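Participant: Sharing a structure, written as C-alpha cells. Questions coming.
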Amino acid sequence: MTALLISDLHLHPGAPGVSEGFLHWLDERARGSDALYILGDFFEAWVGDDLLDLGEQDPTGNATLASRIAAALKRLADGGTAIYLMHGNRDFLLGERFAHDAGAALLPDPSVVALGSERVLLMHGDSLCTHDEAYQAFRAQARNPLWQEQVLSMPIQERIALARQLREQSGEANSNKAEDIMDVTLDEVVKVMAEHGVTTLIHGHTHRPAVHDLEVDGQPAKRYVLGDWQPGKGWEIVIEEGGEPQLQAFSLS
Numbered sequence: 001m002t003a004l005l006i007s008d009l010h011l012h013p014g015a016p017g018v019s020e021g022f023l024h025w026l027d028e029r030a031r032g033s034d035a036l037y038i039l040g041d042f043f044e045a046w047v048g049d050d051l052l053d054l055g056e057q058d059p060t061g062n063a064t065l066a067s068r069i070a071a072a073l074k075r076l077a078d079g080g081t082a083i084y085l086m087h088g089n090r091d092f093l094l095g096e097r098f099a100h101d102a103g104a105a106l107l108p109d110p111s112v113v114a115l116g117s118e119r120v121l122l123m124h125g126d127s128l129c130t131h132d133e134a135y136q137a138f139r140a141q142a143r144n145p146l147w148q149e150q151v152l153s154m155p156i157q158e159r160i161a162l163a164r165q166l167r168e169q170s171g172e173a174n175s176n177k178a179e180d181i182m183d184v185t186l187d188e189v190v191k192v193m194a195e196h197g198v199t200t201l202i203h204g205h206t207h208r209p210a211v212h213d214l215e216v217d218g219q220p221a222k223r224y225v226l227g228d229w230q231p232g233k234g235w236e237i238v239i240e241e242g243g244e245p246q247l248q249a250f251s252l253s
C-alpha cells in the first residue's frame, strides 16, 4: 500500500503554476497510489459547492478551475485511488457535491487512520494554534453549522465578496502577529495526541514543513508538518506499507 498526503495548495486562478503542477503531479505521481489524503486549504477560498454551477460565467475563474480539479481527481479515483478531503481554514465550506464530483470522501478533522504500520492522527492543524485567540474565535464561528447555513443562503456574489474581505482581514491581522502565535502550541499537540492514543501526527496549516520529535505519555512520538505548495515546488508525505512517513519536497516544473 502507498499513501500520499498533501496540504495547503491554496489553488486559485491567480497561481496557474500551482494548479497545472498539481494536475501534472496527479498524473505522474499519484496515479497508481492506494490513497490520497488532502489535509485542508486545498483551495484558497471556497464559497459553496454551487460555485460549480457558474462555469465560465464566473468572472473570477474559480468555477472553471474547480471543475477541472474535480474531474482530474475523479479520474484518479476511477483508477482505484481512494481520495480523502479534509477542511482547512480557507475551504471549510467545501461540501458533499464537490466531494462526489471528485470521487472523494470528506474526512473529519481530526481523524485517526491506519497508515503504514501504525495508527496516525491527521489534522489540518489550525486547531492546534491555541495561542492565536482571535483566530480560534473565528474558527469556532466558521465551523458552526448555523453560521455556515446563514452564509450559504446569501447570493453567491455576496459570498465571493465576503471571502475576499475575510482574506484581506486575515492578511492584515497576521502581519501584526508574532510568529510563535501563529504556530502550534506544543502542549496542545501532546494533549491531542494523547487523547487519540497515537504517537504520530501529520498536519499542515502552518507552512513550516518539518519533522519534530516529542514525547507523548512517556513514549517517543513524531509530528510531521506538510509544507504549502508554491509555483515550482510542492510538498508531500509518502507512506509505504510497513514504513514510516517520508516528508519530501519536489519540483512542479
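Just so you know, the sequence shown maps onto residues 1 to 253 in full-length UniProt numbering.
The beta-carbon is built from N, C-alpha and C at its ideal position, and this holds for glycine as well.
Note that the structure is a prediction, hence the values are computed from the model and not measured.
How about alanine 163 and alanine 70: are their beta carbons less than 7 Å apart?
Facilitator: No; because the gap between Cβ atoms is not below 7 Å, this pair is not in contact.
Participant: Return the CA-CA distance between threonine 206 and aspartate 228, expressed in angstroms with no decimal places.
Facilitator: About 8 Å.
Participant: Return the CA-CA distance between valine 151 and glutamine 141, expressed in angstroms with no decimal places.
Facilitator: Rounded to whole angstroms, valine 151 to glutamine 141 spans 11 Å at the Cα level.
Participant: Near leucine 5, what residues of its chain come up, given a Cβ to Cβ distance below 7 Å and the 5 sequence neighbours on each side ignored?
Facilitator: So the list reads Tyr37, Leu39, Ile202, Leu226, Glu236 and Ile237, once near-sequence residues are dropped.
Participant: Inspect the CB distances between the segment 73 to 89 and the segment 17 to 37 and report whether three or more fall short of 8 Å.
Facilitator: Yes, the segment 73 to 89 touches the segment 17 to 37.
Participant: What is the DSSP secondary structure of phenylalanine 43, reduced to helix, strand or coil?
Facilitator: In this structure, phenylalanine 43 counts as strand in the three-state DSSP scheme.
Participant: Can you check the segment 217 to 243 for any beta strand (DSSP E) of at least 3 residues that lies completely inside it and give the ranges in chain order?
Facilitator: With a minimum length of 3 residues, the continuous beta strand (DSSP E) runs that stay inside the segment 217 to 243 are 219 to 225 and 233 to 240.
Participant: Please return the same chain residues whose Cβ sits closer than 6 Å to the Cβ of alanine 194, not counting the five positions on each side in sequence.
Facilitator: Contacts found: Val216 and Asp217.
Participant: Buried or exposed: leucine 121, going by 16 or more other Cβ atoms within 10 Å of its Cβ?
Facilitator: So leucine 121 ends up on the buried side.
Participant: Please report the distance separating the alpha-carbon of phenylalanine 250 from that of histidine 12.
Facilitator: Whole-angstrom Cα-Cα distance: 20 Å.
Participant: Apart from the five residues on each side of it in sequence, which residues of its chain come closer than 7 Å, Cβ to Cβ, to leucine 23?
Facilitator: Contacts found: Ala72.
Participant: Output the distance between the C-alpha atoms of proline 110 and serine 127, rounded to the nearest integer angstrom.
Facilitator: Computed Cα separation, rounded: 9 Å.
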